[in-house]
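Okay, so here's the structure we're looking at.
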Amino acid sequence: MMISLKLALRNLLGAGLRTWLNVFVLSFSYVMIIWHRGFLDGWNKQARFDTINWEIGGGQYWHSEYDPYDPFTLTDSHSAIPDNLKSAVDKGENAAILVSQATIYPEGRLQGVILKGINVNQSVIKIPTEKLKTDTEEIPVLIGTRMAGNNKLNIGDMVMIRWRDKNGTFDAAEGEIVGIFKTTVPKIDNGQMWIPIEKLQEMLQLPGETTILTVNKENKEIKQVEGWTFKGHDFLLSEMDEVIKTKKVGGSIFYFILLLLAMLAIFDTQILSIFRRQKEIGTYVALGMTRGQVISLFTVEGAMHSILAIGVAAVYGVPLLIWQAKIGFAMPAMADDYGLAITERIFPEYGAGLVIATILIVTITATIVSYMPARKIAKMNPTDAIKGKIQ
Amino acid sequence: MENSKIITITDMVKRFPMGKNEFTALNGINLSFTKGEFAGLVGPSGSGKTTLLNIVGSLDVPSDGKAEVLGHTINYLSHKKAAKLRNFHLGFIFQTFNLLPIYTVYENVEFPLLLLKKPAEERKKAIMDALDWVGLTDKVKSKPAQLSGGESQRVAIARAMVKKPEIVLADEPTANLDADNSFHILRTMENLNRELNTTFLFATHDDKVIRFLKRIIRLEDGKVVEDAKVKSKAVTN
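Quick note, the sequences are listed as chains S and G, same order.
The first sequence begins at 302 in this note's numbering and counts up by one.
The second sequence begins at 1077 in this note's numbering and counts up by one.
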């Protein structure tokens, strides 16, 4: 094997430009695959971080009837804050959120929204609920920039809000936009209006009741509360994980095409080599190499493209990837449409596992692709090969 | 070992498929060679010289009969054993030199020693000795493309001789060389035959080579028609 390695390296370096072209294409595959995977991992990490900070904290207790995908459950998915969690809510360590449907009429249009009442003293999630502590006689309303933009609402604007109380009776009142917050998490922004929980409880005639209890992210203690279900990060972030997973699968097609191009180059080189280097193959056999050794030599030669590519990729890829990890990748304004938390810049994350896995995949693929045409050597007649006769 | 038979060929036949029929390249060959011979298979194209050389070199096998080289019966050698025989005991010299084009002269000569897994120091000494025999110590870093035909064949001789094989098989070694170069090449091989007692077996129809031979085996249509020991007629060119 050592002889194969030594001779293969000698042959590859001797082949000059042909080798380096293949090596460059392969190195490009390495860098692109690592960059793209790193970008998705960075995005995933940032999205998880922001979602935890802005929306789910250390997890949420959901009222047993609550189903965020079924608005019909909202009328029944509330009850009094459980006693064993109440003190934490009073201290602002848990954020109580009461959820209801409503309709607003911005500029005479009709728009369905989700009204969320939240305790204004909470410090669990980053929504700036302290802005809701105002003296306004209207309903103080806090919204995100997406909601503000979609409905052309600014701070100080009034908007008519209509809702139904617990008995199904319609009521309406003016709301005043007291704050607009900017967040990377669209789920707490799009179509959502945040008001003080006491106000919403009063509007719905549900004093002391809540739908969700978001716990502090430092809180590791999960309590069993009757009528409530605790949803941890695994559950609450599963959708996001699925989206990232889907994007990774989509990315795999991109990797496949990249790898295919690189492997085609190697395969082509191998096929050409075996035709053009028949005399050389015959000479190897005449000088005492077994056919297995010649096959091994050609396979190692092909596979070694991927080893040389690691070196080349390191030369230009490492500085490039480090630079990207430092300055991040600017996301376009429309990126919000992904439905995931996306910052203006995503900072790629490259783990050792990612790099090792990429190297292994490329090297193994290159070895297989190199071996396939090399098997033809076993069927060659050495006496014809010595003369360079095409077989 | 002196005068012992190192190659014995008995009733050997070699047939090649040709369409639906077969072509008999060698027919009823009986030959033997002793250590240190400087012999040649002589005959026109198609007479079976190269086929016989290939069988002795364990690159091919007889269809019938038996070929024994250094105690190994070629008929029954596996690919691996045949490779081992070539690796340890046989040297090849080809008409078209067959140097590895991207290797330097040094690396070309080093190749058989790498296969023998000789240590670096031993390799270096053997390579320089071999290049010294053929007078090419100043060309170690040259590539085959930078060499003349004569120089290339001298490198091929050095490559064949570097491992000091028992037998060197030379297939038309001077066919691509002018008279002057042919003479020097043959003189080199003659010296190596004398100094190292290496057996040389040529396949040739070149008079320049025939003049150097000490045994001439004439082949015609795959049969031995003459086998004669002669006195070398080589003279200073």
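Don't be surprised by glycine CBs; every beta carbon is placed ideally from N, CA and C.
Using beta carbons (cut-off 9 Å, strictly below), is residue i in contact with chain S?
i	result
residue 1136/G	yes
residue 1260/G	no
residue 1148/G	no
residue 1315/G	Examination of residue 1315/G is not possible in this model, given that chain G is present from 1077 through 1313 alone.
residue 1313/G	Reliability fails at residue 1313/G, whose pLDDT of 47 lies under 50, so the model's placement of it is uncertain and no value is given.
residue 1155/G	yes
residue 1195/G	no
residue 1227/G	no
residue 1116/G	no
residue 1315/G	With chain G covering only 1077 through 1313, there is no way to say anything about residue 1315/G.
residue 1174/G	yes
Please decide whether residue i counts as near chain G, where near means a Cβ-Cβ distance under 9 Å.
i	result
residue 600/S	no
residue 683/S	yes
residue 690/S	no
residue 587/S	yes
residue 650/S	no
residue 687/S	yes
residue 304/S	yes
residue 315/S	yes
residue 352/S	no
residue 594/S	yes
residue 345/S	no
residue 590/S	yes
residue 349/S	no
residue 583/S	yes
residue 609/S	no
residue 323/S	no
residue 311/S	yes
Spatial neighbours of residue i within its chain, please: CB distance less than 7 Å, with the 5 preceding and 5 following residues excluded, ordered by chain position.
i	result
residue 532/S	360, 361 and 363
residue 462/S	403, 405, 440, 473, 474 and 476
residue 501/S	399, 401, 416 and 418
residue 1305/G	1290 and 1291
residue 510/S	379, 380, 381, 399 and 502
residue 645/S	631 and 632
residue 610/S	324, 327, 328 and 331
Check the DSSP bridge columns for residue i and list the partner residues they point to.
i	result
residue 1140/G	1089/G
residue 1350/G	As displayed, chain G neither begins before 1077 nor continues past 1313, which places residue 1350/G out of reach and without an answer.
residue 414/S	403/S
residue 1118/G	1280/G and 1294/G
residue 395/S	516/S
residue 460/S	476/S
residue 1247/G	1279/G
residue 1102/G	1090/G
residue 445/S	482/S
Please confirm whether residue i and residue j have their CB atoms less than 9 Å apart.
i	j	result
residue 1113/G	residue 1290/G	yes
residue 393/S	residue 425/S	yes
residue 1159/G	residue 586/S	yes
residue 414/S	residue 434/S	no
residue 567/S	residue 670/S	yes
residue 1212/G	residue 1234/G	yes
residue 1206/G	residue 1237/G	yes
residue 1300/G	residue 1166/G	no
residue 538/S	residue 357/S	yes
residue 1133/G	residue 1295/G	no
residue 1203/G	residue 1179/G	no
residue 1128/G	residue 1081/G	no
residue 1085/G	residue 1144/G	yes
residue 453/S	residue 408/S	yes
residue 1286/G	residue 1116/G	yes
Tell me which same chain residues have a C-beta within less than 6 Å of the C-beta of residue i, skipping the five on either side of it?
i	result
residue 579/S	686 and 689
residue 597/S	305
residue 378/S	364, 366, 367 and 512
residue 1313/G	Note that residue 1313/G has pLDDT 47, beneath the 50 cutoff, so the model's placement of it is unreliable and no number is given.
residue 1230/G	1210 and 1212
residue 432/S	443, 479 and 480
residue 1170/G	1247
Using a Cβ-Cβ cutoff of less than 8 Å, which residues in the same chain neighbour residue i once the five nearest sequence positions on both sides are dropped?
i	result
residue 1172/G	1252
residue 1228/G	1173, 1175 and 1220
residue 456/S	478, 479, 480 and 481
residue 1224/G	1257
Is there at least one non-hydrogen atom of the ligand GTP closer than 8 Å to the beta-carbon of residue i?
i	result
residue 1112/G	Because no ligand of any kind appears in the structure shown, any question about the ligand GTP cannot be addressed here.
query: Are the region 493-512 of chain S and the region 428-443 of chain S touching by the rule of at least three beta carbon pairs closer than 8 Å?
result: yes
Stretch-stretch touch, CB-based, cutoff 8 Å, three pairs: the region 1086-1098 of chain G with the region 1268-1288 of chain G: no
task: Kindly confirm or deny that the region 651-669 of chain S and the region 544-564 of chain S touch, where touching means at least three C-beta pairs closer than 8 Å.
output: yes
query: Touch check for the region 319-338 of chain S and the region 611-618 of chain S: three-plus C-beta pairs under 8 Å?
result: yes
- prompt: Are the region 373-390 of chain S and the region 336-353 of chain S touching by the rule of at least three beta carbon pairs closer than 8 Å?
  reply: no
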